[in-house]
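In the working numbering, the protein residues as written are 71 to 309.
Ideal Cβ positions, reconstructed from N, Cα and C, are used throughout, including at glycine.
Given the structure is predicted, the values throughout are model-derived calculations rather than measurements.
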């Protein structure tokens, strides 16, 4: 009885070993497929990242230094990728317009929000950019994907529009206009103002417009008031 048991033990161990090897092979095949899928995914990401129209920069989630920059970002800022890599992202921003870089998911106010920031180019020139942040996994840590595009022309147009509106508002404040019904005396032609006082026409118009009066005398009044001078051609021409 004991001899039979001792003979069956190696056969049992061999069967378990084969089963374990089979499971191990299956697990390895799954891992290989996952690695292949991941490699394809990384290649697609790399193509999309580098060929994107918008400038894209990946920033370290702890130190805020640039980990990677795409072609559009390099062309826009005038750097080569190796010059941007390792550079503090905030060093690319003008000091007076810097926005704090969100280094944690708690800084939710920075996400899904567009900031207009002034960037420094490699040649020293400045340009206005629309800037957005997004948290992304990166190797074994978290990184910040930053997207930006040149909006200098739009910002310039907006500033010109605001200036034009201010200029128009100032001009409107300087212009005095007469509107609505104006009470005027049918006999003496005085005008009643908003406070109920009666004023000469020229005074009222002067106070409510930019017009100024110069006094003369028309031919009809000349004949009525100064008949002895109405036939004087020289005087008539001067009036």
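query = To the nearest angstrom, how far is it from the Cα of residue 164 to the Cα of residue 194?
reply = Rounded to whole angstroms, the separation of the alpha carbons of residue 194 and residue 164 is 11 Å.
inquiry  = Quick check on DSSP: helix, strand or coil for residue 197?
reply    = Note: residue 197 maps to strand in three-state DSSP.
ask   = With 16 other CB atoms within 10 Å as the buried threshold, where does residue 216 fall?
value = Classification for residue 216: buried.
request  = Can you check the region 210 to 272 for any alpha helix (DSSP H) of at least 4 residues that lies completely inside it and give the ranges in chain order?
outcome  = Restricted to the region 210 to 272, the alpha helix (DSSP H) segments that are unbroken, complete and at least 4 residues in length are 222 to 244, listed in chain order.
key: Cβ pair count under 8 Å reaching 3, the region 228 to 238 against the region 140 to 159   = In this structure the region 228 to 238 does not touch the region 140 to 159; the number of beta carbon pairs closer than 8 Å is below three.
inquiry  = Could you tell me the alpha carbon to alpha carbon distance between residue 281 and residue 298, rounded to whole angstroms?
reply    = C-alpha of residue 281 to C-alpha of residue 298: approximately 33 Å in a straight line.
inquiry  = Please return the same chain residues whose Cβ sits closer than 7 Å to the Cβ of residue 192, not counting the five positions on each side in sequence.
reply    = Excluding residues within five positions, the ones whose Cβ falls inside 7 Å are 147, 148 and 149.
Ordered list of alpha helix (DSSP H) runs contained in the region 119 to 157, each at least 4 residues = You should have 141 to 147 and 151 to 154.
query = Around the Cβ of residue 296, are there at least 16 other Cβ atoms within 10 angstroms (buried) or fewer (exposed)?
reply = Classification of residue 296: exposed, given that the 10 Å Cβ count is below 16.
ask   = So, helix, strand or coil for residue 292, using DSSP?
value = Helix, per DSSP.
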